[in-house]
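Using the numbering used here, the letters of the sequence shown correspond one by one to residues 1 to 147. No residue lacks a Cβ here, since even glycine has one placed at the ideal position from N, Cα and C.
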Amino acid sequence: MKQRDSREIQILIQSALEAAQLAYAPYSGYRVGAALLSADGTVYTGCNVECASFSLTNCAERTAVFHAVSRGQRAFSALAVAALPPEGAAPSYCVPCGACRQVLREFCPGEFPVICIKNKNEYKVYTLEELLPESFAADSFTEAPRP
Ligand code: THU
1 MKQRDSREIQ ILIQSALEAA QLAYAPYSGY RVGAALLSAD GTVYTGCNVE CASFSLTNCA
61 ERTAVFHAVS RGQRAFSALA VAALPPEGAA PSYCVPCGAC RQVLREFCPG EFPVICIKNK
121 NEYKVYTLEE LLPESFAADS FTEAPRP
C-alpha cells in the first residue's frame, strides 16, 4: 500500500473503528474491529465475537477474513485493526494475535500491509512478514493441494 493510498487508509481506519462498535465482548470488554480491503476495492469488516466457552472466541481479524472469503473474495490489499479503549482508558495500538497472523498468511503475501490503529489519527503499518517472519504457508509444500 503506497503513500498515495492515504484516502484508502482513512476509509479502512474509519471502517475498523466502526466495526469495533459491533463487537460482542462481554467477557473481556476489549472491543476490536477489523477492515479488510479486497483486491476489487470492497471493504469487509469483522469484530470479535466472544463465547461463554472462552476458547471459542473469534478475533475481529479472522471474522473479517472469513466474512470476505465467504463472499467469494480471496485476494486482499490491506487490513486495518482497531480496539476501542475500555471506559476511562487511553487508546492503544491493537496488533493481530498469532492465530490471526497465520490465517492472514493463508491468503496474503509477506508484503501485505497491516495497519495497526491507535486512534483515527495515529496508526502504524507493518508488513505481514514483519509480524510473522519465516512463515509456514501453502507455498511451503512442494505440491500444495488447492481445493
Ligand atoms: N482480539 C481480537 O479480536 N483481535 C486481536 O488482535 C487481539 C484480541 C479479541 C479476542 C478477545 O475477544 C479479546 O480481544 C481479548 O483477547
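Relative to alanine 20, the option among Val43, Ile117, Ala82 whose CA is nearest is Ala82. Looking at the backbone, the Cα of alanine 39 and that of serine 77 are separated by about 6 Å. For glutamate 50, the Cβ falls inside the 7 Å cut-off from some heavy atom of ligand 1.
Remark: C-beta atoms of glycine 33 and glutamate 18 approach each other more closely than 8 Å. Here DSSP, grouped into helix, strand and coil, assigns glutamate 111 to coil. DSSP places valine 95 in the coil class of the three-state scheme, outside both helix and strand. Out of Glu129, Cys59, Arg105, Gly98, the CA that lies nearest to the CA of alanine 16 is found in Cys59. The alpha carbon of phenylalanine 136 has as its nearest neighbour, out of Gly98, Ile115, Pro85, Lys124, the alpha carbon of Gly98.
In this structure, the C-beta of glutamate 61 approaches ligand 1 to less than 7 Å from one of its heavy atoms. Take alanine 89, set aside five residues on each side of it, and no residue of its chain has a beta-carbon closer than 6 Å to its own.
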